[in-house]
Ligand code: WQD
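Residue numbers (the UniProt record's numbering): 1 to 337.
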């Protein structure tokens, strides 16, 4: 079975590609490398000892995509490609709508044209907006607080319409909570360009001395220690959920949505303490104002994925921090050595 992986050079797509190859799938990766590096593709080949085709193609290039769909016989698509920075999406909404939504539309058109019926889509817990309560269930109401989140929400709706219009289409929408960690080998990990926006890459850059201190956004949330709580999930657990989703689509028609989280929330200070333990350093931090648009507490109810996919996250917070740190130490400049 050959799986088309869009965004396979990026953080989650690259780990998913490894997991697919190790589970005996054949893989073709397309990625425009707009926010990733070709080196990650080389690393995957080196780590797995397996070869696969890589095409540097933009999903908006429908002719190039058509050629790829003609060349291979895909049994499913895993769609990771997309812009993902919340702040940037506020500054350049049209690019986000164009890239994420038009890219997905082109991909879906090609799937229909070439009779490819199964799709696993990377969505995000951001589609819950300000959740009514925690833990968050898939049936909760949906909303978005920024253009990035709106692209995920709109794509989810587009996919539901597509499945309604075409009963042979099978789609798994996976709502990620906060993916962190890295491949335990230290060969693959998150490689943000410029100053990181997200907590973990920022902390590892402080720990390695690239940033002076962590700014903790808000110490007055209604949480145990006042700092924000999130459901951090190890990227290896996350990508295992994708394999389970693919297996699920073999047997089930229609569209189904799953939370991929651990079900446990940790505060920013708990994360800092865990990094202190793992690195043997004291991460310097300062508590500042809340970041606009942030919510206080967000964690999943992952029961649906457990019940229907037979999947649950297994790795501990310590493993997540250790693997993030291991990646940072082995690759202080990311993939650009
Ligand atoms: C986690 C916690 C911050 C940085 C975002 C997107 C979401 C998804 C994942 C993906 C929060 C705090 C952070 C820092 C801090 N996007 N923090 N200092 O905001 O939960 O989710 O990334 O593709 O759509 O919204 O993740 O890692 O930015 O923040 O105190 O320098 O860490 O306030 O409580 P978030 P995050």
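Each residue gets a CB set at the ideal place from its N, CA and C atoms; glycine is no exception.
- Looking at the DSSP output, residue 309 sits in no beta bridge, so it has no partner there.
- At a Cβ-Cβ threshold of 7 Å, residue 75 and residue 106 do not count as neighbours.
- Runs of the alpha helix (DSSP H) lying entirely within the segment 182-265 and spanning at least 4 residues, in chain order: 199-207, 235-251.
- The beta carbon of residue 133 lies closer than 7 Å to none in the same chain, with the five residues before and after it left out.
- Its chain contains 148 as the residues whose beta carbon lies nearer than 7 Å to that of residue 84, once the 5 sequence neighbours on both sides are disregarded; these appear in chain order.
- For residue 79, there is no enclosing alpha helix (DSSP H); the enclosing beta strand (DSSP E) has its first and last residue at 74-79.
- If you check the C-beta of residue 240 against the ligand WQD, you find no heavy atom less than 6 Å away.
- Our two residues, residue 210 and residue 216, have alpha carbons roughly 17 Å apart in a direct line.
- In the three-state reduction of the DSSP assignment, residue 116 falls in the coil class, being assigned neither a helical nor a strand state.
- With fewer than 16 other Cβ atoms from the protein chains shown falling within 10 Å of its own Cβ, residue 130 counts as exposed.
- Here the C-alpha atom of residue 64 lies approximately 10 Å from the C-alpha atom of residue 70.
- For residue 11, the enclosing alpha helix (DSSP H) starts and ends at 11-22.
- Beta-bridge pairing by DSSP links residue 300 to 136.
- Within the same chain, Cβ atoms closer than 7 Å to the Cβ of residue 320 are found at 180, 181, 232, 234, the five residues on either side in sequence being excluded.
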